[in-house]
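Asks: If you're matching positions, the sequence shown starts at 26 in our numbering and goes up one per residue. Questions regarding the structure given below will be posed in turn.
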Amino acid sequence: MRMADKPTVSVETVIDAPADVVYEVVSNLEVMGSMGTEFQRGEWATGRPGTLGSTFVGYNRRNENEWSTTSRVVAAEPGRAFGWDVLVGDTDEALASWHFTMRQVPDGTEVVYTATMGPGPSGLTAVIDKRPDDEEEIIDARLK
26 MRMADKPTVS
36 VETVIDAPAD
46 VVYEVVSNLE
56 VMGSMGTEFQ
66 RGEWATGRPG
76 TLGSTFVGYN
86 RRNENEWSTT
96 SRVVAAEPGR
106 AFGWDVLVGD
116 TDEALASWHF
126 TMRQVPDGTE
136 VVYTATMGPG
146 PSGLTAVIDK
156 RPDDEEEIID
166 ARLK
């Protein structure tokens, strides 16, 4: 897979909780920071926190590297969907998108988590630019 393909990974699970409770978890930056390995924490920056169009600064760490990003909420439907685009600098272009969709099922809530890389440039595209022959391997490793 190549960056031009907008690499995507999606996983789903059923959580024994109502959809509105699951939504409160996935839309809470403090909780998400406590559960992640890369995303450490976030701070709401503009707009009413967690609403469509609001932005937050995310603080991330992977191995020895630390960085911050600005993201805009692009889906905010309590009990149904929460998602954001990670923005390229001060632009509206997304370098990645992260989405959670929820659906009530008999055993609880089915949650589908989807992450898409691109289309905008990122630290990953900078690595690929330096090692273009390894693009597919780099992307495969990042999607894991």
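Yeah, the Cβ is synthetic: ideal placement off N, Cα and C, and Gly gets one too.
Check Glu170 in the structure and name its three-state DSSP category.
Replies: Examination of residue 170 is not possible in this model, given that the chain is present from 26 through 169 alone.
Asks: For Arg156, list the residues DSSP reports as bridge partners.
Replies: Answer is none; Arg156 lacks a bridge partner.
Asks: Hey, how far is the Cα of Phe107 from the Cα of Trp92?
Replies: So the alpha carbons of these two residues sit roughly 23 Å apart.
Asks: According to the Cβ coordinates, are Ser79 and Val50 closer than 8 Å?
Replies: No, they are not a contact pair.
Asks: With Leu77 as the anchor, note down where its alpha helix (DSSP H) starts and where it stops.
Replies: Here Leu77 belongs to no alpha helix (DSSP H), and DSSP marks it neither H nor E.
Asks: Determine the DSSP secondary structure at Val113, reduced to helix, strand or coil.
Replies: It is coil, neither helix nor strand.
Asks: Output yes or no for whether 8 Å exceeds the beta carbon distance between Gly83 and Leu120.
Replies: No, Cβ-Cβ distance for Gly83 and Leu120 is not below 8 Å.
Asks: Using C-beta distances below 8 Å, list every residue in its chain close to Leu77, excluding the 5 sequence neighbours before and after it, in chain order.
Replies: Cβ neighbours of Leu77 beyond the five flanking positions: Val98, Val99, Ala100 and Ala101.
Asks: Keeping to the same chain, check which residues put their C-beta closer than 7 Å to that of Ser96; ignore five residues upstream and five downstream.
Replies: These residues qualify, in order along the chain: Thr80, Phe81, Gly83, Trp109, Asp110, Val111 and Leu112.
Asks: Could you spell out the range, first to last residue, of the beta strand (DSSP E) harbouring Ala119?
Replies: Looking at the DSSP string, the run of the beta strand (DSSP E) that includes Ala119 is Ala119 to Val130.
Asks: Count the other C-beta atoms from every protein chain shown that fall within 10 angstroms of the C-beta of Ala44, then say buried if there are 16 or more, exposed otherwise.
Replies: When all chains shown are included, Ala44 counts as buried.
Asks: Does the Cβ of Val36 have 16 or more other Cβ atoms within 10 Å, making it buried, or fewer, making it exposed?
Replies: By the 10 Å Cβ count, Val36 comes out exposed.
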